[in-house]
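**Q** To start, I am sharing the structure in question, which I have written as structure tokens.
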Amino acid sequence: MAYGKKIVVVEPAFLVQAGLRRLISEMPGLSLAEIFDGNENRLDDKILAKMPDIVILNPDIFNNEQLVSLINRLSNENILIVGLAGEESSPGCKAYFRYCLDPAENKYELLETMKKINRALQDDDTQTESSGLTQREKVILNRVVRGQTTQEIADELFLSVHTVNTHRKNISNKLGIKTLSGLIVYALMNKIVKMDEMV
Amino acid sequence: MLIQKEMKMADVIHHDHFLIPVINRFDIHLGFGDKTIDDLCRENNVNTVFFLTILNAYHDHEYFPKKHLQSFPASLLVTYLIRSHKYYLEVKVPEIEKLINNLSDETGMEEETLTLLKNFFSEYKQELIHHIQREEDRVYPYIVELEKAVNSGIIPDSVTRQMNDYPITDYEAEHENVEEKLFDLKNIIIKYLPDTKDDKPFFKILKELFALENDLNDHARIEDLILVPKVEAMEKTLKSKTK
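Chains as they are written, first to last, in this note's numbering: chain G, 1417 to 1615; chain V, 3 to 245.
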């Protein structure tokens, strides 16, 4: 399973693909989900199926209309789009993107840009990235690992089911633990629940 | 490196030693001398094209063997996948299990915590076994039968039924949960291990967990890139015949 934020790349040239692969591998917390050449059928669906946080794409391989529709579709899903565009790219192209990676730049310049991109993502959801759980989240985690359902937790704490679900999602994101058994181990190890509370 | 039949096996292994367990599954063993891949395959009755496809798919994550797909039977691939399952269950998983079970007082961790980790891994193991059994009981026999039907033109009802109710594309979507558990275990050790006197025993455990995850990813990639497209093509052929 990929770790961290997921990136999809759309670029046909092998050397550029390989370079991006390398660049992404140097960024802790980012991982490459897939590389597309750009000429795939229903490319937008295929990209969305990978559920990326970031899409790095070469704008020069699309015509204007394709580019605008792709950018709109991805932006609607809250995906951060990064252009592969340097001095030589069609003028005005950079205007589409908040961030650009210029293939002509050296490694450290590129890494700086990647860091900025990564930071931009964190700002969007500082909530999910900060470490410790809040008091509320601990209470909910305690109940989750004791086997209570979302509905039961909602009823007893006078919360909506939606709120409880949001808390559960945040807990998993913060801890980086997705399975119930994993949460149980975490909660017991960290004394959020005691062994004798468990049924 | 694109691995080709006239290459010396020894050169290939010097270049990528992670291929050793892979060739072992073909019953090709160390001590190659100067033999080429082709020599070794012939000696051991291994289909050379198939062998090269598997080796390349492990070696190069972007390798996609479009043109070779049709040139070996799916049953070979099934046999290979079953052998790699065996390797995970009989070699890799017991190795990790032993490391975890041997964790003891020297780590300075509470008995309770150690028990938690042991139980978590054994739960993971059960899920992995379950997943593998499902493949071997339901999916692989279907593929073998499907191939027989394509070759003979005689299509048993059981094949038609499974082709309609549970085509290979459905099965493709099912890898997730087992992977999540393995990931959680790694993360618990990396991020949330309680204070220990000595965390060195965990280095080895982590290394083995990463290696197992890697192996399973490779395995899944082989299924997705080689097995599934091949089966899809056979399903298509049969469907056009039955219409």
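Ideal Cβ positions, reconstructed from N, Cα and C, are used throughout, including at glycine.
Computed from a predicted model, the values in this text were never measured in an experiment.
#1: Spell out whether any CB of chain V is found under 8 angstroms from the CB atom of LEU1604(G).
#2: List the endpoints of the continuous beta strand (DSSP E) containing VAL141(V).
#3: To the nearest angstrom, how far is the alpha carbon of ILE1440(G) from that of LYS241(V)?
#4: Grouping DSSP H, G and I as helix and E and B as strand, with all else coil, what is VAL1471(G)?
#5: With C-beta atoms as the reference, is ILE170(V) less than 8 angstroms away from LEU79(V)?
#6: For MET1467(G), collect the residues of the same chain with a Cβ closer than 6 angstroms to its Cβ; drop the 5 residues on either side in sequence, then sort them by chain order.
#7: Suppose contacts are defined by Cβ-Cβ distances below 8 angstroms. Is TYR89(V) in contact with ASP220(V) by that definition?
#8: Looking at the unbroken beta strand (DSSP E) that takes in VAL48(V), where does it start and where does it end?
#9: Among the residues of its own chain, which have a CB less than 8 angstroms from the CB of GLU138(V), if the five just before and after it don't count?
#10: Shorter than 8 angstroms from the beta carbon of TYR194(V) to some beta carbon of chain G?
#11: Following the continuous beta strand (DSSP E) through GLU1450(G), name the residue where it begins and the one where it ends.
#12: Would you say ILE1593(G) lies against chain V (beta-carbon separation less than 8 angstroms)?
#13: What would DSSP say about LYS232(V), mapped onto helix, strand or coil?
#14: Taking only the alpha-carbon atoms, compute the straight-line gap between GLU182(V) and LEU218(V) and give it to the nearest angstrom.
#15: Output needed for LYS202(V): all residues of its chain with C-beta closer than 6 angstroms, excluding positions within five of it in sequence on either side, in chain order.
#16: In this structure, does DSSP put THR115(V) in helix, strand or coil?
#17: Just checking: is the beta-carbon of GLY1435(G) within a distance shorter than 8 angstroms of some beta-carbon in chain V?
#18: Can you name, in chain order, every residue of its own chain whose Cβ lies under 7 angstroms from the Cβ of LEU1517(G), other than the five neighbours on each side?
#19: Would ILE2(V) count as contacting chain G if we go by Cβ distances under 8 angstroms?
#20: Look at the alpha carbon of LYS1532(G) and the alpha carbon of ASN103(V), and state the distance between them as a whole number of angstroms.
#21: Below 8 angstroms, can you find three or more Cβ-Cβ pairs linking the region 7–21 of chain V to the region 29–38 of chain V?
#22: Which residues bound the beta strand (DSSP E) around ILE22(V)?
#23: Under 8 angstroms, Cβ to Cβ, is there at least one residue of chain G near THR115(V)?
#24: Pull up the distance between the alpha-carbon of VAL1580(G) and that of ASN1589(G), whole angstroms please.
#25: By how many angstroms is the C-alpha of LEU42(V) removed from the C-alpha of ILE1593(G)?
#26: Below 8 angstroms, how does it come out for the region 1597–1605 of chain G and the region 179–199 of chain V: are there three or more Cβ pairs, yes or no?
#27: Beta-carbon of PHE122(V) versus every beta-carbon of chain G: anything under 8 angstroms?
#28: Mind checking if SER1597(G) is an interface residue toward chain C, Cβ cutoff 8 angstroms exclusive?
**A** Looking at the atomic coordinates:
#1: yes
#2: Neither: VAL141(V) is in no beta strand (DSSP E) and is coded neither H nor E.
#3: Near 43 angstroms, if we compare the C-alpha coordinates of LYS241(V) and ILE1440(G).
#4: strand
#5: The beta carbons of ILE170(V) and LEU79(V) sit no closer together than 8 angstroms.
#6: Excluding sequence positions up to five before and after MET1467(G), its CB lies less than 6 angstroms from no other CB in the same chain.
#7: no
#8: Premise fails: VAL48(V) is in no beta strand (DSSP E) and is neither H nor E.
#9: ILE84 and HIS87
#10: Yes, contact with chain G.
#11: 1446–1452
#12: At least one CB atom of chain V sits nearer than 8 angstroms to the CB of ILE1593(G).
#13: Collapsing the DSSP output to three states places LYS232(V) in a helix.
#14: Distance between the alpha carbons of GLU182(V) and LEU218(V) is about 12 angstroms.
#15: none
#16: helix
#17: no
#18: ILE1472, VAL1498, LEU1500, LEU1526 and THR1529
#19: Nothing can be reported for residue 2(V): it is not among the residues displayed for chain V, which extend from 3 to 245.
#20: About 44 angstroms.
#21: yes
#22: Taken as a continuous stretch (DSSP letters only), ILE22(V) belongs to no beta strand (DSSP E), being part of the alpha helix (DSSP H) at 22–26.
#23: yes
#24: 14 angstroms
#25: 46 angstroms
#26: yes
#27: Closer than 8 angstroms to some Cβ of chain G, the Cβ of PHE122(V) qualifies, so yes.
#28: The structure shown contains no chain C; its protein chains are G and V.
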